[in-house]
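Beneath this line is the structure, given in structure tokens, with notes to follow.
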Amino acid sequence: MTDASGYVMRNAAFKQLTPSQQQAVSQIDGPLLVIAGPGSGKTRVITYRIAALIEAGVKPYNICAITFTNKAAEEMRQRSEALGASSGIHISTFHSLCVRILRQYADSANIKSGFSIFDTKDQSKCVRQAVKDCGLDTSNFAPARMLNAISALKNNLEDVDSFKATADDFFTKSLSLVYSRYQDILSKNDAVDFDDLLMKTAFLLRDNPDICAALGERFKYLLVDEYQDTNQAQYRIANSIASAHSNIFVTGDPDQSIYRWRGADIRNILVFEEDWPDAKVVKLEENFRSTPNILGVADKLIATNRRRKLKKLIPTRPQGKDVVVNVFNDEAEEAHEIAKQIEKLVAEGVSLRDVAVCYRVNSMSRIVEEALIKNKIAYQIVRGVEFYGRKEIRDMLAYLKVLANPSDEVSLLRIINTPTRGIGKTTITRVQQYSAASNISFFEGLGKAQQIDSLAKAAKSKIAVFFNMMEQLKTGLDGKVASLAERVFVESGLKKSFQIVGAKTQDDSVLENVGELINAAAKYDQQTDQPSLVDYLQQISLFSDVDVYDPSTERVALMTLHAAKGLEFENVFIPGLEEGILPHERCGTDEDEIEEERRLLFVGITRAKSGLYISYAKYRTIRGQLLHTIPSPFLYELGLNFSESVQENQYCYDDIDVDNDINDNEQPTQPFFRDQLVRHRKFGLGRVKGFEDMGGNSIVTVKFNTGQTRELMVKYAGLSIESGQAK
DNA sequence: CATAGCCGCCTTTTT
DNA sequence: GGCGGCTATG
Numbered sequence: 001m002t003d004a005s006g007y008v009m010r011n012a013a014f015k016q017l018t019p020s021q022q023q024a025v026s027q028i029d030g031p032l033l034v035i036a037g038p039g040s041g042k043t044r045v046i047t048y049r050i051a052a053l054i055e056a057g058v059k060p061y062n063i064c065a066i067t068f069t070n071k072a073a074e075e076m077r078q079r080s081e082a083l084g085a086s087s088g089i090h091i092s093t094f095h096s097l098c099v100r101i102l103r104q105y106a107d108s109a110n111i112k113s114g115f116s117i118f119d120t121k122d123q124s125k126c127v128r129q130a131v132k133d134c135g136l137d138t139s140n141f142a143p144a145r146m147l148n149a150i151s152a153l154k155n156n157l158e159d160v161d162s163f164k165a166t167a168d169d170f171f172t173k174s175l176s177l178v179y180s181r182y183q184d185i186l187s188k189n190d191a192v193d194f195d196d197l198l199m200k201t202a203f204l205l206r207d208n209p210d211i212c213a214a215l216g217e218r219f220k221y222l223l224v225d226e227y228q229d230t231n232q233a234q235y236r237i238a239n240s241i242a243s244a245h246s247n248i249f250v251t252g253d254p255d256q257s258i259y260r261w262r263g264a265d266i267r268n269i270l271v272f273e274e275d276w277p278d279a280k281v282v283k284l285e286e287n288f289r290s291t292p293n294i295l296g297v298a299d300k301l302i303a304t305n306r307r308r309k310l311k312k313l314i315p316t317r318p319q320g321k322d323v324v325v326n327v328f329n330d331e332a333e334e335a336h337e338i339a340k341q342i343e344k345l346v347a348e349g350v351s352l353r354d355v356a357v358c359y360r361v362n363s364m365s366r367i368v369e370e371a372l373i374k375n376k377i378a379y380q381i382v383r384g385v386e387f388y389g390r391k392e393i394r395d396m397l398a399y400l401k402v403l404a405n406p407s408d409e410v411s412l413l414r415i416i417n418t419p420t421r422g423i424g425k426t427t428i429t430r431v432q433q434y435s436a437a438s439n440i441s442f443f444e445g446l447g448k449a450q451q452i453d454s455l456a457k458a459a460k461s462k463i464a465v466f467f468n469m470m471e472q473l474k475t476g477l478d479g480k481v482a483s484l485a486e487r488v489f490v491e492s493g494l495k496k497s498f499q500i501v502g503a504k505t506q507d508d509s510v511l512e513n514v515g516e517l518i519n520a521a522a523k524y525d526q527q528t529d530q531p532s533l534v535d536y537l538q539q540i541s542l543f544s545d546v547d548v549y550d551p552s553t554e555r556v557a558l559m560t561l562h563a564a565k566g567l568e569f570e571n572v573f574i575p576g577l578e579e580g581i582l583p584h585e586r587c588g589t590d591e592d593e594i595e596e597e598r599r600l601l602f603v604g605i606t607r608a609k610s611g612l613y614i615s616y617a618k619y620r621t622i623r624g625q626l627l628h629t630i631p632s633p634f635l636y637e638l639g640l641n642f643s644e645s646v647q648e649n650q651y652c653y654d655d656i657d658v659d660n661d662i663n664d665n666e667q668p669t670q671p672f673f674r675d676q677l678v679r680h681r682k683f684g685l686g687r688v689k690g691f692e693d694m695g696g697n698s699i700v701t702v703k704f705n706t707g708q709t710r711e712l713m714v715k716y717a718g719l720s721i722e723s724g725q726a727k
């Protein structure tokens with residue numbers, strides 16, 4: 001094998017790599033950890049490495065590369081194709097890989113191979129039902145909260161039984177009931193959620209050494225990108241597959257770990273050397289992307305974090321423009337000035353495709369959009385309104401899902417009366433009762449509707465029409481998806497109903513979107529060897545708009561900081577450096593979470609090649625409330641002489657007391673001051689709006705994020721003061 | 001049974 | 001400020 005890699009050594013392109021990059025490329029067998037900083041040419045290293053493997057005689061078929069996003073997978077495919085080394089290599093996300101494995105070993109995994117994959121909205125429906133079924137109140141046990149908790153359990157490989165055993169207080173006991181019921185509902189639907197894909201695969205590999213060995217045989221070389229973002233389930237899956245041969249190659253950067261909230265465990269990368277004692281470790285510390293100005297700022301910021309592997313950012317580019325920090329009055333002005341600055345850049349010859357605006361939360365996109373529209377600047381939102389989240393698309397897909405998997409009751413309930421065909425709640429309940437009593441699925445119940453005595457004659461005939469239509473559509477299942485989708489569109493009556501609405505509102509975007517869906521299906525039919533409806537639906541469930549970003553168009557890119565990972569731009573704007581936004585208020589005082597927010601900003605900063613514009617607004621309207629903001633503590637950590645660097649904007653109005661209901665000159669001895677962030681056990685996060693000093697009976701007025709303003713007795717309120725404020 | 005309008009909950013980030 | 005779910009009304 002060394003001979004073959006020697007061939008790579010002689011390759012001219014290979015010689016252009018730095019010594020550490022060469023190291024990372026040329027090791028063929030055994031475990032290898034590459035700690036790769038931002039802009040270190042990591043993607044290049046991975047593709048070269050794939051080429052080196054193939055030149056060393058490894059069959060493409062035996063190579064499996066895992067990424068976190070479909071977009072990263074697509075890019076890797078293209079890049080390895082450019083090296084003439086793509087066909088046969090398995091390149092996909094963890095989730096896609098799991099779908100494949102689960103379908104192949106459906107019996108051992110105890111699921112049907114035609115399983116539906118439920119997205120977040122489907123999950124909410126199910127968990128809400130589960131909470132109700134358990135006799136719990138959906139306001140005390142908010143479905144979203146339950147779902148988050150269940151998701152966290154699954155990512156940590158806690159199944160229903162193991163969690164039940166450890167649940168000891170009221171909340172965890174209730175949660176375990178809901179979890180159990182939720183899983184029952186999913187299984188009744190022959191459905192899995194995103195987390196199940198991982199958990200079920202991890203358990204499948206744990207419990208079936210033969211399957212594990214077979215996969216190790218199939219995937220003799222395993223590459224995992226962004227290893228710092230693996231959660232427990234993904235970590236186990238990767239380790240299981242590689243256990244037989246130890247050919248596991250992972251790359252990552254602990255400083256860019258930003259998915260803790262979905263179970264990513266930074267420890268996975270930190271303990272790699274313990275897991276694989278003969279692992280080689282290569283650090284890629286040179287940065288080929290950003291100017292020293294930008295890297296200096298990034299380095300200062302991240303140095304504040306304690307939980308990390310020490311790593312340098314070594315600049316290779318010449319000194320560039322200063323990093324700009326701006327302060328604005330409010331978010332509208334901030335957005336407007338960003339637009340103006342973009343205009344300036346364009347005047348200097350910068351292309352719009354070299355500009356990105358990266359914000360903490362999606363909701364911040366709108367104000368930026370408005371400003372860009374006003375200034376006639378073209379933009380594209382990377383993952384705005386998700387295509388597959390649109391109502392019309394979900395309706396169409398629900399029909400297809402029911403055709404592929406009649407047990408999918410969630411989808412069936414969505415479409416049974418969409419468009420309206422006179423099948424109402426009462427009818428549905430009666431069929432459901434009948435189906436439950438006769439131990440058949442809801443869809444089968446519809447087929448037997450004529451035998452259900454409680455149903456009215458009219459209801460029976462309406463059901464018959466619907467049921468026959470679905471049966472009729474099923475006869476067209478020949479693998480090709482596009483033609484079927486077209487038929488569904490027409491025969492379901494959706495087309496007609498959308499046309500009516502479209503004519504009324506003068507808006508045919510709905511029809512266009514369905515057209516786009518059918519086009520996409522046609523593309524799938526064309527590009528896939530053995531197209532099938534089940535395969536199509538399972539794939540599509542793992543896609544979102546993230547993958548639609550088109551770097552070739554002449555537009556400014558708008559995206560969240562999370563979505564920005566892996567991308568680079570000549571110029572990057574990061575607005576909203578404010579307490580509560582970045583770091584986000586949800587992370588509270590938890591130091592680990594604050595560190596993650598810091599990494600998030602680090603990721604944002606290191607996207608910029610030469611121009612970096614950071615800003616915050618003194619006032620910002622959040623959920624309809626005008627709030628006086630506090631600058632983000634991160635601003636002080638950037639190593640810029642902050643007070644001097646901030647160019648006070650000429651339009652700045654002075655700190656006017658907006659509500660005018662309290663004297664600003666409070667005595668420092670008072671325990672509470674205006675705009676202080678406080679947390680209440682029940683009402684959550686809020687801001688102090690007033691304080692009446694009455695000794696032991698002092699009253700504090702707090703405006704909570706729920707929108708309520710409350711007067712609380714200090715001695716009873718039990719308010720805790722949120723730390724992390726401006727120093 | 002269908003629809004309009006109201007109420008409450010919600011939003012961090014993604015597969 | 002927006003969506004989804006629930007309720008009152010036709």
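Once you know that position 196 of the first sequence is 196 in this note's numbering, the rest is easy, because the numbers rise by one and skip nothing.
Cβ coordinates follow ideal geometry from the N, Cα and C atoms, glycine included.
The structure presented is a predicted model; accordingly, all values stated were derived computationally and were not measured.
Check: Can you tell which of LEU412, ALA73 and LEU455 has its C-alpha closest to the C-alpha of ASN189?; Outcome: LEU412
Check: Let me know the secondary structure DSSP gives PRO31 once reduced to three states.; Outcome: coil
Check: What do you reckon, are the CB atoms on VAL361 and THR560 nearer than 8 Å?; Outcome: yes
Check: Going along the chain, which unbroken runs of the alpha helix (DSSP H) with 4 or more residues stay wholly within the stretch 506-562?; Outcome: 509-527 and 533-540
Check: Measuring straight from C-alpha to C-alpha, what distance separates ILE150 and THR316?; Outcome: 46 Å
Check: Quick check for students: name the residue ranges of the alpha helix (DSSP H) that lie wholly in the stretch 178-238, counting only runs of 4 or more.; Outcome: 194-207 and 209-218
Check: ILE258 to GLU471, Cα distance in whole Å?; Outcome: 47 Å
Check: Nearest by alpha-carbon distance to ILE46: which of ASN305, LYS173, LEU223 and ILE54 is it?; Outcome: LEU223
Check: From GLN319 to ALA130, what does the alpha carbon distance come to, in whole angstroms?; Outcome: 59 Å
Check: What are the residues that DSSP puts in a beta bridge with TYR379?; Outcome: VAL556
Check: Quick one: what does DSSP say ARG681 is sitting in, helix, strand or coil?; Outcome: With a pLDDT of only 49 at ARG681, under 50, the local geometry of the prediction cannot be trusted, and the value read off the model is given with reservation. Three-state result, ARG681: coil.
Check: Going along the chain, which residues of its own chain have a beta-carbon closer than 7 Å to the beta-carbon of LEU295, five neighbours each way excluded?; Outcome: ASN287, LEU313 and PRO315
Check: Can you grab the Cα-Cα spacing for the pair ALA214 / ASP207, in whole Å?; Outcome: 13 Å
Check: How about the stretch 519-539 and the stretch 338-346: do they share at least three Cβ pairs that are nearer than 8 Å?; Outcome: no
Check: Span of the beta strand (DSSP E) holding CYS134?; Outcome: Note, CYS134: premise wrong, no beta strand (DSSP E); not H, not E.
Check: Please state whether DSSP places PHE272 in a helix, a strand or coil.; Outcome: helix
Check: For the beta strand (DSSP E) containing ARG620, list its first residue and its last residue.; Outcome: 608-622
Check: For TYR359, does the three-state DSSP call read helix, strand or coil?; Outcome: strand
Check: Taking all protein chains shown into account, do 16 or more other C-beta atoms lie within 10 angstroms of the C-beta of SER80, making it buried, or fewer, making it exposed?; Outcome: buried
Check: Buried or exposed for ASN110, going by 16 or more other Cβ atoms inside 10 Å?; Outcome: exposed
Check: With a 10 Å radius around its C-beta and 16 neighbouring C-beta atoms as the bar for buried, classify ARG607 as buried or exposed.; Outcome: buried
Check: With a threshold of 8 Å on Cβ separation, who are the neighbours of PRO775 within its own chain once the five nearest residues in sequence on each side are excluded?; Outcome: Residue 775 cannot be examined here, being either before or after the span of the chain that is shown, 1 to 727.
Check: Taking just the CA atoms, how far does LEU197 sit from ASP395?; Outcome: 24 Å
Check: Taking the alpha-carbon positions, what's the LYS309 to LEU32 distance?; Outcome: 16 Å
Check: Here's the rule I'm using: 16 or more other beta-carbon atoms within 10 Å means buried, otherwise exposed. How should PHE170 be labelled?; Outcome: exposed
Check: Where does CYS98 land, buried or exposed, given buried means 16+ other C-beta within 10 angstroms?; Outcome: buried
Check: Report yes if the CB atom of ILE423 is closer than 8 Å to the CB atom of ILE416, and no otherwise.; Outcome: yes
Check: Apart from the five residues on each side of it in sequence, which residues of its chain come closer than 7 Å, Cβ to Cβ, to ARG390?; Outcome: ASN513
Check: Measuring straight from C-alpha to C-alpha, what distance separates PRO277 and VAL34?; Outcome: 15 Å
Check: When DSSP labels each residue in this structure, what does SER20 get in the three-state scheme?; Outcome: helix
Check: Can GLN27 and LYS280 be called in contact, C-beta distance under 8 Å?; Outcome: yes
Check: Determine the extent of the alpha helix (DSSP H) in which CYS587 is found, giving its start and end residues.; Outcome: Neither: CYS587 is in no alpha helix (DSSP H) and is coded neither H nor E.
Check: For the beta strand (DSSP E) that contains SER116, what are its first and last residues?; Outcome: 116-118
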